[in-house]
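Notes follow the structure.
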Amino acid sequence: MSSGLIRTGFLFGMASLLAGCASYKPAPLADSAATLAPPDMAIVSADAARIDRPYLQPQPVDWNQPLTPNALAVIAVLENPDLKAQRAKVGVTDAQAFAARLLPDPQIQANYDKLLSGPDMFDAFGGQLAMDLNQLRTAKVERQSNEAAKKQVRLDLAWAEWQTAGQARLQGVRILALTRQLGIAREGSASAEQLFAESERAGARGDISGADVDTRRQAALDAAAKARTAENDLAAARGDLNKLLGLPPETMLVLATPADPVTPPDASVLVNRSLDRRLDLQALRAGYDAAEADVHKAVLEQFPNLSLTLAGARDTSDNHTIGPAIGFTLPLWNRNRGGIATATATRAQLKAEYEARLFQTRAEIVAAVQGLETVRRQRADLIAQMPAIRRVADSSAAAARRGDLSAAAAATAEQAARDRELTLSQLDQQIAEQTIALELLSGEPSEGWTR
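In case it helps, mature numbering (1 follows the signal peptide of the UniProt record, and there is no 0) puts the sequence shown at residues -19 to -1, 1 to 432.
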């Protein structure tokens, strides 16, 4: 075979290899204004109708209708900026797992020595084809480690989606409760302000003392402060919800009233179910599997690193040689003891973190169930008192209309009933929020508690 044909074949082979290589494509950051632009509502609605999560019902989102708790959860999973960034992280671990399945590339070396002087007549050249066998030895455990790491990242993402969906539902019930409380607080503030104005006129006439006027003034100030607090809390809750949903801060969503919260089962039942259903615990177990594979890999790497080389050469005397060569690291002092110690300590750390999370899960679920029981008992007590409080307020108002009771006394009785209604709304809010929090802790929707 002529040297021209050899050269042509070599060039063709190199061109074929280069044709299969990846090429660089720049990916500049998007314009800030485009990034901060509101999402396309039609696209969000279409994606919501196709979403596949075990705790969410696929549904198109109608932005012109009140949004249900499930709709808020779906939008949060689709559009939350932090979740989008975490989904990009899943792509990194997928790429790492893909890389672990690839065989190592062989190494080729070639040399050429030009004859400058001497009795011989030929130029010398040689070539080597080498393969690192150590990567083949650890390929299995490397794949196991990367697959477990990929599973852990996916479970972490699923847990983050579950938490974000729950937080969106929680903010929804908080906004509805604060809206009701703001209405009650404003009614109380208007009534207290009217009573203070009447007291000021009565005090100017000398009909009541200055101390009574000061008392009405302080009551009006307190009622106005309650209304301002409720208004600030409502604005903050709306802002938090918009942030969770990836919407502009000024967005005003209309929310549908959720169903009444269900009564949770015993804490022991929820704890036992959570051990299997909580995705963060599954992620920690996957992380421990990755650590197990890393320990196995570190132990394998204490043995000699082998490399196999096939070499061929021609010297200046036109002598041709070919033969294999084996190289390895002699395990005398290092023996990868540092890597084994690090991998073993990391595994022990992950084991301790998993056990700590188990204890934390049990403690948080028990505390949440007990807290819910306390709030429900307080609500039941207040519900039992409400008819009598309402009767006093109504009879006082009727007596004031007949002239048998002062308007101030009737207003005070009405404000007492209004304060109880505000407290009842706050207890309802606590029950709704703590029920959602218990769902997040148990790792499943409350609908699954009865199954």
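For each residue, glycine too, the CB sits at the ideal point set by N, CA and C.
Helix, strand or coil at residue i according to DSSP, with G and I counted as helix
{"i": "D21", "result": "coil"}
{"i": "R316", "result": "coil"}
{"i": "T238", "result": "coil"}
{"i": "S288", "result": "strand"}
{"i": "G308", "result": "strand"}
{"i": "G293", "result": "strand"}
{"i": "I189", "result": "coil"}
{"i": "I303", "result": "strand"}
{"i": "S(-17)", "result": "Note on S(-17): pLDDT 47, under 50, position unreliable in the model; no value is reported."}
{"i": "A424", "result": "The residue you asked about is not Ala; residue 424 is Gly in the sequence shown. Note: G424 maps to coil in three-state DSSP."}
{"i": "I412", "result": "helix"}
{"i": "T244", "result": "coil"}
{"i": "S26", "result": "helix"}
{"i": "E282", "result": "coil"}
{"i": "D257", "result": "helix"}
{"i": "Q38", "result": "coil"}
{"i": "S376", "result": "helix"}
{"i": "L419", "result": "helix"}
{"i": "L386", "result": "coil"}
{"i": "D270", "result": "helix"}
{"i": "K207", "result": "helix"}
Within 7 Å, strictly: CB atoms of residue i and residue j
{"i": "Q109", "j": "T290", "result": "yes"}
{"i": "R150", "j": "P50", "result": "yes"}
{"i": "A30", "j": "P41", "result": "yes"}
{"i": "L136", "j": "A272", "result": "no"}
{"i": "A166", "j": "A200", "result": "no"}
{"i": "V122", "j": "A248", "result": "no"}
{"i": "R343", "j": "V252", "result": "yes"}
{"i": "E414", "j": "L226", "result": "no"}
{"i": "A205", "j": "G169", "result": "no"}
{"i": "V276", "j": "R328", "result": "yes"}
{"i": "L422", "j": "E345", "result": "yes"}
Candidates the options: closest to residue i by CA position
{"i": "T297", "options": "P62, Y93 and P246", "result": "Y93"}
{"i": "Q396", "options": "A183, W430 and Q175", "result": "Q175"}
{"i": "D113", "options": "G184, S288 and R338", "result": "S288"}
{"i": "I417", "options": "G99, G153 and P39", "result": "G153"}
{"i": "Q263", "options": "E334, G352, S98 and N286", "result": "E334"}
{"i": "R316", "options": "A78, P87 and K278", "result": "K278"}
{"i": "G164", "options": "A178, V25, A146 and K207", "result": "K207"}
{"i": "R124", "options": "Q88, Q38, L83 and L96", "result": "L83"}
{"i": "Q407", "options": "I364, L422 and V252", "result": "I364"}
{"i": "residue 433", "options": "Q341, R338, R259 and L97", "result": "Any question about residue 433 goes unanswered here, given that the chain covers just -19 to 432."}
{"i": "residue 438", "options": "P7, Q148 and L97", "result": "The chain is shown only over -19 to 432; residue 438 falls outside these bounds and no answer can be derived."}
{"i": "V25", "options": "K6, P47 and A52", "result": "A52"}
{"i": "A292", "options": "Q46, L48 and Q90", "result": "Q90"}
{"i": "T404", "options": "Q366, S387, E428 and T393", "result": "Q366"}
{"i": "L256", "options": "Q38, S376 and E336", "result": "E336"}
{"i": "N286", "options": "D362, A141 and T310", "result": "T310"}
{"i": "E282", "options": "D104, K95, G320 and A80", "result": "G320"}
C-alpha distance - residue i paired with residue j, whole-angstrom precision
{"i": "I307", "j": "A130", "result": "34 Å"}
{"i": "N127", "j": "V73", "result": "11 Å"}
{"i": "K70", "j": "Q133", "result": "11 Å"}
{"i": "R399", "j": "A379", "result": "17 Å"}
{"i": "F106", "j": "D270", "result": "50 Å"}
{"i": "A391", "j": "A374", "result": "7 Å"}
{"i": "A185", "j": "D43", "result": "57 Å"}
{"i": "L228", "j": "P20", "result": "7 Å"}
{"i": "residue 488", "j": "E179", "result": "Residue 488 lies beyond the stretch modelled for the chain, which goes from -19 to 432, so this question has no answer here."}
{"i": "A78", "j": "T119", "result": "14 Å"}
{"i": "D28", "j": "R34", "result": "12 Å"}
{"i": "A54", "j": "A139", "result": "13 Å"}
{"i": "A217", "j": "V350", "result": "27 Å"}
{"i": "Q144", "j": "N223", "result": "16 Å"}
{"i": "E231", "j": "G220", "result": "8 Å"}
{"i": "M102", "j": "A322", "result": "58 Å"}
{"i": "Q359", "j": "A66", "result": "42 Å"}
{"i": "residue 433", "j": "T160", "result": "Because the chain spans -19 through 432 in this model, residue 433 falls outside it and cannot be assessed."}
- Ignoring anything shorter than 4 residues or poking outside the stretch 41 to 69, list the alpha helix (DSSP H) runs there in chain order. 50 to 60
- Which whole runs of the alpha helix (DSSP H) in the stretch 84 to 158 are 4 residues long or more, in chain order? 115 to 118
- Message: Which runs of the alpha helix (DSSP H) at least 4 residues long sit entirely within the stretch 209 to 239? Give them in chain order.
- Response: none
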